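Contents: one structure, followed by commentary.
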Amino acid sequence: MSAPFFQRVMVAYAGDPLDAALLLSVRALTRTMCPSQVHVVNVSEDETQTVSPGIRLELMDKAVRAALIEVPGPIVTCAVVHGPILDALLSYTTEQRIDLAIVGHRPAGRPRSLARRLARRATCAVWMLPLGTLPVTSRILVPTDFSETAGRALDAALALCRAQHLHE
0 MSAPFFQRVM
10 VAYAGDPLDA
20 ALLLSVRALT
30 RTMCPSQVHV
40 VNVSEDETQT
50 VSPGIRLELM
60 DKAVRAALIE
70 VPGPIVTCAV
80 VHGPILDALL
90 SYTTEQRIDL
100 AIVGHRPAGR
110 PRSLARRLAR
120 RATCAVWMLP
130 LGTLPVTSRI
140 LVPTDFSETA
150 GRALDAALAL
160 CRAQHLHE
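If you're matching positions, the sequence shown starts at 0 in numbering that gives the first Met the number 0 and goes up one per residue.
Rendered as structure tokens:
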């Protein structure tokens, strides 16, 4: 591959046990996509949370480093941002010029809705990864709006299919 499909990737990190599988999926994706930066972001919506942002950042950094240790190349950054989750993630993607936002997909509830709302408003590609599963891809769905970003997403999906020997 001559150039990475996405230079700057952001991963929305909730800080719950399902994130372990999400980070393993991100590790598999970064091996194929070769981004230059991976930003792992946790949103603190409530100032009264029991775990301070500093401790959350430390725990997140430890989990991220352990999951991505074998991935050469990208600069990995962990951040805790504050505010309503959608606004905070949209602001981060804009400020950091993120090309691809990855959100864990849950069967129901707020995080699923978050991914949909983020996909509608973000200026970058948004991928939902199933949470709680092994990082093995068997099917990829690539919706498109025929933009340049959607084209890069399709190219990246095809590269993932080839890397995992899926039929195109």
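No residue lacks a Cβ here, since even glycine has one placed at the ideal position from N, Cα and C. Keep in mind it's a predicted model, so treat the numbers as computed, not measured.
### Query
What is the DSSP secondary structure of Thr92, reduced to helix, strand or coil?
DSSP places Thr92 within a helical segment (H, G or I) once states are collapsed to three.
### Query
Straight-line CA distance for Ile84 to Glu57?
The alpha-carbon atoms of Ile84 and Glu57 are separated by roughly 20 Å.
### Message
Tell me which residues share the same chain as Ala78 and place their Cβ nearer than 6 Å to its Cβ, disregarding the 5 neighbours each side in the sequence.
### Response
Same-chain partners within the cutoff: Val40.
### Simplified DSSP state of Ala27, which is helix, strand or coil
In the structure shown, Ala27 sits in a helix (DSSP, three-state: H, G or I).
### Message
Distance check for Tyr91 and Gly82, CA to CA, integer angstroms please.
### Response
In a straight line, the C-alpha of Gly82 is about 11 Å away from that of Tyr91.
### Query
Who does His104 pair with in a DSSP beta bridge?
In the DSSP assignment, His104 is bridged to Pro129.
### Message
Within 10 Å of its beta-carbon, does Ile97 have 16 or more other beta-carbons around it, so buried, or fewer, so exposed?
### Response
Buried: at least 16 other Cβ atoms inside 10 Å.
#### Entry: Nearest-angstrom beta carbon gap, Val42 and Ile101 [assumed within contact, 8 Å]
About 14 Å; that fails the 8 Å criterion.
### Query
Using DSSP with H/G/I as helix, E/B as strand and the rest coil, what is Thr148?
Residue state, collapsed to three classes: helix.
### Query
If you follow the alpha helix (DSSP H) that Val54 is part of, which residue opens it and which one closes it?
What sits at residue 54 in the sequence shown is Ile, not Val. Ile54 -> alpha helix (DSSP H) spans 52 to 67.
### Local Cβ density within 10 Å of Pro34, reported as buried at 16 or more and exposed below that
Residue environment: Pro34 is assigned as buried (16 or more neighbouring CB atoms within 10 Å of its CB, all protein chains considered).
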